[in-house]
Amino acid sequence: MSNERVFKMAFSRVYPLLVNKAERKGRTKEEVDEIILWLTGYDEVSLQEQLDKNVDYETFFGQAPQMNPNSEKITGVVCGVRVENIEDPLMQKIRWLDKLIDELAKGKSMEKILRS
C-alpha cells in the first residue's frame, strides 16, 4: 500500500480497529485514548471532533495541537520497519501510534508506553 493511500485513510475507520486490538488483549478504550492524547496533544473533545469530521490520517496529524516531545523516544519495529528509521514524518507519526498500541496490547504499563 502506498504512503498516499495510508495518508488518505479516514482516522475514524482506523480508530475502532486500534480500540478493538487493545480490548482483545484486556486493555481499554480509555487507555487507547490516553495514548492518542499523549502523542498528539488533542484533548478528549477535540479527538472526538476529529473522529466526527471523518478526517484522514494526514489531516488528523496535521491538525494535532502538539506532538509530544517524548515521541522521539519511541523505537522498535512495526510491520517489519524500525519506526526510528522512517524518513517520511507523517508515516513516522502513524507508525509511532501503531507501535504504542502494540505495546499496550502486549501488556506494557502505561508509564512505559508514555515514555515517562
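Take the sequence shown: its position 92, counted from the start at 1, is 97 in our numbering, and no numbers get skipped. C-beta: ideal position from N, C-alpha, C; glycine also.
Beta-bridge partners of residue i, as assigned by DSSP
i	result
Val24	Val24 is not bridged to any residue.
Arg87	Val82
Ala15	Asp61
Opening and closing residue of the alpha helix (DSSP H) in which residue i lies
i	result
Leu105	94–110
Asp117	The sequence given here places Lys at residue 117; Asp does not occur at that position. That run of the alpha helix (DSSP H) goes 115–118.
Nearest-angstrom Cβ-Cβ length linking residue i and residue j, presumed shorter than 8 angstroms
i	j	result
Thr45	Pro70	7 angstroms
Gln110	Arg10	Residue identity differs from the one stated: residue 110 is Ala in this sequence, not Gln. Ala110 to Arg10, Cβ: 24 angstroms. No contact.
Met72	Lys98	7 angstroms
Glu63	Leu95	6 angstroms
- Only counting runs of 3 or more residues, tell me where the beta strand (DSSP E) segments fall wholly within the segment 37–65, in order along the chain. none
- Would you be able to state if there are at least three C-beta pairs under 8 angstroms between the segment 33–41 and the segment 80–87? no
- Message: Any contact between the segment 56–65 and the segment 10–21? By contact I mean 3 or more CB pairs, one from each, below 8 angstroms.
- Response: Touching, per the Cβ criterion.
- Message: When you compare the segment 95–112 with the segment 40–49, are there three or more beta-carbon pairs, one atom per stretch, that lie closer than 8 angstroms?
- Response: yes
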